[in-house]
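Please read the structure below before turning to the comments.
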Amino acid sequence: MKKVWILIAGISALCLSSLGFSTLAQAEADPKLWTVVKEAFFPKRDIQEVDFLKIEAPRRAESGAQVPVTLIYDKAAANGVAIKKLYVIVDANPIQLASTYHLTDSLNGFQMATRIRQESDSFVRLIGETADGKLYMTKREIRAAGGCGGTVDNNESEVRAAAGKIKFNVDAPKMGEPATATFNIRHVMRTGLQRDLVSQGYVPAFYINKTTFTYNGKEVMTVDVGVGTSEDPYMKFSFIPDAPGKLEVVATDNEGKSFTQSVDVHS
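Mind the numbering: the sequence shown is residues -27 to -1, 1 to 240 in mature numbering (1 follows the signal peptide of the UniProt record, and there is no 0), read in order.
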C-alpha cells in the first residue's frame, strides 16, 4: 500500500519537510482524528472492527519513546479470515504508520511483542488486510507523550559504531510446534523531528526500515519498519519450524546499510 502522510489543520513548518510530517504532536486521544487518518490510508474502504485482532498495552506508558505493545491476530478465532498484512497506526503521531507486518503461514496467526513511539495521547490501531483487500481492525487508547520529537545529544561516532548490532535467539522448540524468537537490534531510530541540542537544527532521519525473517531460506515474516518504532527495535514473536534449521534475519536502514544474523534451531 502506498504510504500517505496526513495533513491536518494547524499545519506547521514541519509539514514542509521532505518526509511529509503532520502536526498532531499536541493532540490528545481524539477519536475524530481517525476520520481523516482513515481516508488518507484507506480511502473509501470499509473497515470492520473485530475481536480476533487485539492490542495489549498499558493505559498509560511510562515513556512515549518506549511504549510496549503486544499485537495479536488470533487465527483460530477468526473463522477463516486469513490476514496477510497488518498495519500499526498511531492516530496522533506526526507519522501515523508505525510499521507494517507481512505474514506467512509459518506464523500460524500472529503475536508480536514490540515497542512503539507516541508523541501524545492517542488511539493505536491494528488493521489487518486479507489477500482480497478486506480490512479488519481493533484499537486501544494509550496515554503517552514526547516520543517523536525533542532534542538529541548523541555522540555521532558512537551512534554509527553501535548501529546494527543484533541480539537474536530462539527458544528450543519441538519441531512442528510454536517456537519463540527474540530479535533486538541497536539503532538510534532518529525520526527527523528531533533537534540537535547544540545547533537546534533538525537531525536527519536515520532508522531501520525493513527486517526480513527466513527459516531454511523460506520467508517467515517481513516487517516494514517506520520511525514510529522505538529506538533499538525489539520484536518477540512465534513461528513454527517444521524441521531443524536456521532462522535468519536481514535488517536494512534508510541509508542502504544491511545487517544480518542467524541462529540454529533444533529440538
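All residues carry an ideal CB built from backbone N, CA and C; glycine is no exception.
| Check | Outcome |
| --- | --- |
| Under 8 Å between C-beta atoms of PHE210 and ILE139 | no |
| Integer-rounded CB distance, given that VAL61 should sit under 8 Å from ILE89 | 7 Å |
| Status (buried if at least 16 other CB within 10 Å, exposed otherwise) for HIS75 | exposed |
| ASP237 versus ASN127 - alpha carbon distance | 35 Å |
| Counted within 10 angstroms of its Cβ, other Cβ atoms place ASP24 as buried (16 or more) or exposed | exposed |
| Sequence ranges, beta strand (DSSP E) only - wholly within the stretch 13 to 86, length at least 3 | 20 to 22, 26 to 29, 40 to 46, 56 to 63, 70 to 76 |
| Exposed unless 16 or more other CB atoms sit within 10 angstroms - verdict on SER172 | exposed |
| Reduced DSSP secondary structure (H/G/I, E/B, other) of ALA152 | strand |
| Start and end residues, alpha helix (DSSP H) containing SER172 | Element bounds for SER172: n/a, residue is neither H nor E. |
| Beta carbon of ILE116 nearer than 8 Å to that of ALA34 | Per the sequence shown, the amino acid found at residue 116 is Arg instead of Ile. Yes, the Cβ-Cβ distance between ARG116 and ALA34 is below 8 Å. |
| MET208 beta carbon less than 8 Å from that of THR87 | yes |
| Residue burial classification, residue 244 (beta-carbon count within 10 angstroms, cutoff 16) | Any question about residue 244 goes unanswered here, given that the chain covers just -27 to 240. |
| Bounding residues of the beta strand (DSSP E) (the contiguous stretch that carries SER211) | 207 to 212 |
| Beta-carbon proximity check, ALA85 vs THR43, cutoff 8 Å | At residue 85 the sequence reads Met, which differs from the Ala that was named. Yes. |
| Nearest residue (CA-CA) to LEU99, options TYR175, MET194, ASP3, ALA30 | ALA30 |
| For GLU192, the first and last residue of its enclosing beta strand (DSSP E) | 191 to 198 |
| Which residues DSSP lists as bridging GLU221, in chain order | THR187, SER235 |
| Bounding residues of the alpha helix (DSSP H) (the contiguous stretch that carries SER130) | 129 to 135 |
| Three-state secondary structure (DSSP) of VAL143 | strand |
| Inter-stretch contact at 8 Å, needing at least 3 Cβ pairs: the stretch 45 to 60 / the stretch 145 to 152 | no |
| Close Cβ partners of GLU22 (< 7 Å) along its chain, the five nearest in sequence each way excluded | MET110, THR111 |
| Buried/exposed call for THR184, threshold 16 Cβ in 10 Å | buried |
| Which listed residue (VAL223, ASN189, GLY165) has its alpha carbon closest to that of ASN157 | VAL223 |
| Where VAL97 sits in the DSSP three-state scheme | strand |
| Sheet register partners of MET162 (DSSP bridge) | DSSP lists no partner for MET162. |
| DSSP state of LYS112 mapped onto helix, strand, coil | strand |
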